[in-house]
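For reference, the structure discussed in these notes is given below.
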Amino acid sequence: MQKVIQRTASARKQAQKKLFRAKKQEALVDRKDTIRTRKDYNRALIDNLKAARTARWEDWQKGELAPKRDSGLAATTYGALDPALMHAPRLPQHRRRKHILFAPGDRVCIIRGRDQGKIEEVTQVNEDNETLLIKNINEADITAPEWAKASYGIKTDVVTQPLPVPMDDVRLVFAMTDGANTKDYIVQHAYAGKPYLEQPSWSKLPKFTRYVSGLNVAIPWPIEEEPNHEEGQYDTTRMEVEENTWVPSLDNPPFPSTIMDELRNKYSRFRTRHDEEYVREKIMDEYRQEYLASQALLTPAGELKKMKVEQSIQARKARMDEDGNMIMDPETTNFIERFLSQNVASKPSKGAGKAKQTA
Numbered sequence: 001m002q003k004v005i006q007r008t009a010s011a012r013k014q015a016q017k018k019l020f021r022a023k024k025q026e027a028l029v030d031r032k033d034t035i036r037t038r039k040d041y042n043r044a045l046i047d048n049l050k051a052a053r054t055a056r057w058e059d060w061q062k063g064e065l066a067p068k069r070d071s072g073l074a075a076t077t078y079g080a081l082d083p084a085l086m087h088a089p090r091l092p093q094h095r096r097r098k099h100i101l102f103a104p105g106d107r108v109c110i111i112r113g114r115d116q117g118k119i120e121e122v123t124q125v126n127e128d129n130e131t132l133l134i135k136n137i138n139e140a141d142i143t144a145p146e147w148a149k150a151s152y153g154i155k156t157d158v159v160t161q162p163l164p165v166p167m168d169d170v171r172l173v174f175a176m177t178d179g180a181n182t183k184d185y186i187v188q189h190a191y192a193g194k195p196y197l198e199q200p201s202w203s204k205l206p207k208f209t210r211y212v213s214g215l216n217v218a219i220p221w222p223i224e225e226e227p228n229h230e231e232g233q234y235d236t237t238r239m240e241v242e243e244n245t246w247v248p249s250l251d252n253p254p255f256p257s258t259i260m261d262e263l264r265n266k267y268s269r270f271r272t273r274h275d276e277e278y279v280r281e282k283i284m285d286e287y288r289q290e291y292l293a294s295q296a297l298l299t300p301a302g303e304l305k306k307m308k309v310e311q312s313i314q315a316r317k318a319r320m321d322e323d324g325n326m327i328m329d330p331e332t333t334n335f336i337e338r339f340l341s342q343n344v345a346s347k348p349s350k351g352a353g354k355a356k357q358t359a
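Here the UniProt record's numbering is used: the first residue of the sequence shown is 1, the next is one more, and so on.
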């Protein structure tokens, strides 16, 4: 059973590593895509500005001889922008705001750009690139592509559309009542906090509450109108959805036990709960393996060889002393004594040699 547990743990660990590598690869692809999109968007802006500067300088130098650019194929689209400039590139996830304090229907004041000082209503909030579409603000002529003409019934080649405005270029405007007077105030700084409200399922408003920094005055969210969906012939009514057609019981299982293997993979590597019969079988296999490992399955020749090896080991241990050193037999001891005595007797002493030389 330990092998099954180790296999499940190893499978989970491998799955986590695979998921981590997939997320890392996805983040890398997303980062590269963001860089490429930002580069293309900036290149389109630079090319547009460079072409405008070149045309202006050429018109200034040539005067009446300057080419007439609003003719020919560009007669109806001269001066219009590319539709790709309407969609700013996405921001990386780590650079986005934690809370978006704007919502469709908010009144905002423009603090930068050609429309500085104007107060208008927000029509769309783009959280991916942190931009706003504001009514009658930052409008420009956009070239209408062919698919847009066919889908929306546009009959002209140029359509006036508001371009995205960065959130850093606008400030919230809300009406505050001071006694009997109600006055509009521009909020320089705001923050999100509690309480977190439960919004209806059809609402697009955030759950947090926004406040004015320093005053801690709550800024109300714009009022949304509940969509009126007309029920058709094939729509399921709310009464039918909320009707209790099944009541759980402790006496009867929710489904027959025979289809359990059809609902989940019986042989999954990630399975942690097993049947009692399977667990019992695995435990018996472990006991069987332990029993077989404890038994010596040897032939008579193998048993004889094993017995001789054990006898030699015992005999070797018997010739050792308490310190683990080998004990020499009497013959070896006598041989060493005779060898030492002969060498000592035949070797002359150093003092005798010196006496002969002096004589």
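Where is the CB? At the ideal position from N, CA and C, for every residue including glycine.
Expected contact under 8 Å - CB spacing of residue i and residue j to nearest Å
i, j, result
"Arg171", "Val108", "6 Å"
"Ala84", "Ala44", "6 Å"
"Ala175", "Thr182", "5 Å"
"Ile219", "Val212", "6 Å"
"Trp221", "Ala103", "6 Å"
"Pro89", "Thr37", "4 Å"
Secondary structure of residue i, DSSP reduced to three states
i, result
"Leu81", "strand"
"Lys356", "Residue placement at Lys356 cannot be trusted, given a pLDDT of 49 that sits under 50; what the coordinates show is reported in the next sentence. The answer is helix: DSSP assigns Lys356 an H, G or I state."
"Ile119", "strand"
"Lys183", "strand"
"Leu65", "helix"
"Tyr191", "strand"
"Leu340", "helix"
"Met239", "helix"
"Glu139", "strand"
"residue 369", "The chain is shown from 1 up to 359; residue 369 falls before or after that span and cannot be answered."
"Ala218", "strand"
"Met167", "helix"
"Gln93", "helix"
"Met86", "helix"
Where the beta strand (DSSP E) containing residue i begins and where it ends
i, result
"Val158", "Val158 to Pro162"
"Met176", "Val170 to Asp178"
"Val108", "Arg107 to Ile110"
"Tyr211", "Thr209 to Val212"
"Thr131", "Thr131 to Ile134"
Length of the line joining the Cα atoms of residue i and residue j
i, j, result
"Glu120", "Ala11", "57 Å"
"Leu73", "Asp184", "49 Å"
"Asp30", "Ala9", "31 Å"
"Lys32", "Arg96", "17 Å"
"Asn42", "Asp128", "17 Å"
"Gly153", "Pro145", "11 Å"
"Lys149", "Ile142", "12 Å"
"Thr131", "Val165", "5 Å"
"Met1", "Gln14", "20 Å"
"Glu286", "Leu292", "10 Å"
"Thr54", "Lys135", "32 Å"
"Asn343", "Gln295", "58 Å"
"Ser341", "Met326", "24 Å"
"Pro330", "Ala345", "23 Å"
"Ser268", "Leu205", "43 Å"
"Asp321", "Val4", "50 Å"
"Arg238", "Glu230", "12 Å"
"Trp202", "Asp251", "40 Å"
"Glu58", "Pro67", "9 Å"
"Met307", "Thr333", "31 Å"
"Thr77", "Lys50", "18 Å"
"Lys23", "Phe270", "21 Å"
"Gly324", "Phe335", "23 Å"
"Tyr196", "Gln124", "23 Å"
"Arg112", "Ile46", "20 Å"
"Arg7", "Trp147", "55 Å"
Span of the alpha helix (DSSP H) around residue i
i, result
"Ile5", "Gln2 to Lys62"
"Ile313", "Pro300 to Ala318"
"Val279", "Glu276 to Ser294"
"Leu263", "Met260 to Leu263"
"Ala150", "Glu146 to Tyr152"
Residue i classed as buried or exposed, judged by whether at least 16 other C-beta atoms fall within 10 angstroms
i, result
"Phe20", "exposed"
"Val241", "exposed"
"Asn48", "exposed"
"Ile137", "buried"
"Met167", "buried"
"Leu101", "buried"
"Val279", "exposed"
"Val187", "buried"
"Pro256", "exposed"
"Pro162", "buried"
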